[in-house]
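Comments concern the structure below.
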Amino acid sequence: MLVLSIGALLLYRDVSGALSGAITDELTVRADDLAASLDTEPISTEPSSVVAQVVGPTGAVLAPPGVEPVLTADELAQAARGEVIVDRAITGVGEHARLLARPMRGPVGEEIIGVVATRTASLAEARQRLTIVLGVAGPVLAAAIGAAAWFLTGAALRPVRRMSHEAATISMAEPGRRLAQPGGDDEIAELGRTLNAMLARIETTIAHERAFIDDAAHELRSPLAVLRGELELTADDPGDEAAVAQGVASALEETDRLARLTEDLLTLARADAGQLEPGETMTELLGATEECIRRLPHRDDAHIEVLGDPMVVRGDATWIHQIVTNLVVNAERHARSRIQLTTVRHGEYGRLAVADDGAGFPPQLLDQAFDRFTRGDGARTRSGGGAGLGLAIVSSLAAALGGTVRATNGPPFGGACVEVEIPLARS
Amino acid sequence: MFGLTDVDGVGGGRVLVVDDDPKFVRIAVRRLERAGYDCVTGESGDHALWAVADQHPDVIVLDVMMPHPSGIEVCRHLRADGWTGGVVVVSARSSPADRAAAERAGSDVFLGKPFPLDDLVTAVDRLIERDRRHD
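Chains F and X, in that order, are what the protein sequence lines are.
Per our numbering, the first sequence runs over residues 32 to 458.
Per our numbering, the second sequence runs over residues 543 to 677.
As structure tokens, this is what we get:
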């Protein structure tokens with residue numbers, strides 16, 4: 032409303048100024064004509080829109096003869112010094128009139144004053160009409176514009192309001208529920224698509240987290256069930272020495288299994304929290320791999336060979352050992368008799384490849400080989416297998432070092448091959 | 543389904559224990575044998591289906607997460623075939639949804655791992671007694 036009022040005032044000022052300027056321009060032209068025609072044409076006394084007079088320095092009307100002077104004494108004095116423009120009532124012209132007076136030279140060079148005057152009633156009427164139009168039509172126009180803006184804004188934001196209400200009622204108790212997609216291809220429809228895509232991503236993330244929690248709980252409860260059972264049986268029959276020895280050994284195994292699982296879960300939790308800090312330590316990859324293989328207990332019937340070139344990569348030796356250990360333990364579970372570890376330079380990375388001569392990854396699991404709790408036996412069987420966290424930890428460690436992992440089936444043995452690339456140390 | 547309260551061990555029946563964890567199978571069998579039951583074992587869903595047809599157990603103790611078919615699928619399959627023996631489902635997954643899935647498949651008792659072995663004996667006792675009353 033304030034903007035509209037300011038606009039109306041500016042419009043009034045511009046229109047009024049333009050009309051007034053046009054009248055002044057006309058008087059100026061007439062005054063020029065009067066000055067040019069002083070010695071050639073007599074001043075007309077016929078009724079006209081513009082009245083002209085020539086007066087002497089004393090105020091006496093020199094032409095046309097027999098008319099009353101238009102100028103007052105003050106106006107005469109001012110006009111003698113220069114051009115003067117005055118708005119006032121002028122006898123013989125009208126209630127609303129404007130006069131322009133300026134010094135001129137007569138036919139023989141004498142000082143005279145030329146006066147031209149015209150009615151300005153049209154200007155007053157125009158100002159009055161403009162005032163009425165702006166004063167009455169302005170508020171009506173403002174109200175109309177306001178109503179239209181309110182209606183259009185409301186109509187445009189209605190889908191947003193509806194989506195907001197819908198979003199407030201969506202909960203994870205209704206997986207798959209989405210916002211009703213607004214029609215069309217405008218910004219509102221784009222907003223709807225964006226929000227629905229966000230809901231889908233959130234749902235997927237929550238589903239993954241739930242699955243992880245379920246899997247973790249399952250992996251923790253299974254050894255706990257065995258541990259509890261062994262302790263109960265031993266407590267029920269403490270006199271059976273052989274049974275007690277077997278129960279205690281089994282309980283220790285399950286305790287180790289729980290400890291390893293807990294450590295693995297903590298490593299992954301630290302990775303998720305961005306707390307795996309590789310530091311500035313560097314390690315020679317080939318030597319660390321050979322040392323790890325020497326320390327690692329492994330199958331008697333499996334031949335493990337380490338090939339390749341020495342190279343210094345980013346990462347602490349304990350991280351490299353964990354990567355090698357997890358890859359070799361995984362390979363031993365599936366290898367028939369051969370496991371090969373190779374280290375090669377690949378651009379700015381050192382690549383460690385661990386291949387076995389087993390059946391390879393099931394094709395449908397290749398893309399999920401590094402997912403948590405992924406196991407290649409197609410079920411949650413624990414016979415001979417781990418919890419399915421080993422490759423996930425390798426992936427997390429490699430990522431923390433700025434490296435990558437890849438799982439394939441193929442050379443050199445036709446079985447599984449897992450490649451880990453770690454940035455080389457800057458020389 | 544029903545709750546578990548006593549551990550009398552009525553004995554005298556045959557129990558099939560199926561789990562892919564041999565340690566759990568050994569523990570469950572030892573406790574059930576102490577309670578007087580004759581036990582047979584299996585390590586997969588396929589083995590369970592074969593053993594029911596071949597060994598004629600009175601009660602099956604079934605783990606859920608086994609190589610195909612899962613314990614739930616085995617239970618559903620047996621009920622669809624009209625097998626009326628008792629089924630005790632044991633699982634390390636024991637959410638309400640897991641329990642509901644087991645019940646829908648036709649199981650009689652659900653035990654979430656880890657559980658007291660006495661609960662297993664009590665469950666088997668009840669199912670054996672129920673079958674004897676029906677006979």
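C-beta: ideal position from N, C-alpha, C; glycine also.
| Check | Outcome |
| --- | --- |
| Terminal residues of the beta strand (DSSP E) in which residue 606/X lies | Note, residue 606/X: premise wrong, no beta strand (DSSP E); not H, not E. |
| Span of the alpha helix (DSSP H), counted from its first residue to its last, around residue 47/F | 33 to 67 |
| Helix, strand or coil at residue 463/F according to DSSP, with G and I counted as helix | Past the boundaries of the shown model lies residue 463/F; chain F is included only from 32 to 458, so the question cannot be answered. |
| Sequence-distant residues of the same chain with beta carbon closer than 8 Å to residue 338/F, five excluded per side | 371, 372, 373, 374 |
| Reference residue 605/X, options 668/X, 655/X, 579/X, closest by Cα | 655/X |
| Limits of the beta strand (DSSP E) - the one that residue 398/F falls within | Counting along the chain, residue 398/F falls outside any beta strand (DSSP E), and DSSP gives it neither H nor E. |
| Buried or exposed (CB count within 10 angstroms, at least 16 for buried), residue 594/X | buried |
| Of the listed residues 632/X, 608/X, 634/X, 602/X, nearest to residue 669/X (C-alpha basis) | 602/X |
| Cutoff 7 Å: residue 224/F Cβ touching any chain X Cβ | no |
| Beta-carbon proximity check, residue 345/F vs residue 206/F, cutoff 7 Å | no |
| Local conformation of residue 520/X per DSSP, three classes | There is no way to answer for residue 520/X, as the model of chain X reaches only from 543 to 677. |
| Continuous alpha helix (DSSP H) assignments of at least 4 residues falling wholly in the stretch 276 to 334 of chain F | 316 to 326 |
| Opposing strand residues paired with residue 380/F [DSSP bridges] | 377/F, 454/F |
| Residue 239/F, buried or exposed, once every other Cβ within 10 Å from all chains shown has been counted against 16 | exposed |
| Inter-residue spacing [alpha-carbon to alpha-carbon] between residue 439/F and residue 662/X | 45 Å |
| Under 9 Å (Cβ pairs) to chain F, residues found in the stretch 600 to 631 of chain X | 606, 607, 608, 609, 610, 612 |
| Within 7 Å, strictly: CB atoms of residue 46/F and residue 161/F | yes |
| Short Cβ contact (7 Å threshold) for residue 436/F with residue 427/F | no |
| is_contact[residue 656/X, chain F] using C-beta, thresh 7 Å | yes |
| Which residues DSSP lists as bridging residue 121/F, in chain order | 125/F |
| Straight-line gap, residue 645/X to residue 665/X (C-alpha atoms, nearest Å) | 15 Å |
| Three-state secondary structure assigned by DSSP to residue 116/F | strand |
| Residue 545/X versus residue 295/F - alpha carbon distance | Bear in mind that the predicted position of residue 545/X carries a pLDDT of just 36, short of 50, making it unreliable; the figure below should be weighed with that in mind. Using only the alpha carbons, I get a separation of about 36 Å. |
| Residue range of the unbroken alpha helix (DSSP H) whose run includes residue 359/F | 348 to 365 |
| Counted within 10 angstroms of its Cβ, other Cβ atoms place residue 304/F as buried (16 or more) or exposed | exposed |
| Residue 48/F, buried or exposed, once every other Cβ within 10 Å from all chains shown has been counted against 16 | exposed |
| Whether residue 222/F touches residue 210/F by CB criterion (7 Å) | no |
| C-beta neighbour in chain X for residue 257/F, strict 7 Å | yes |
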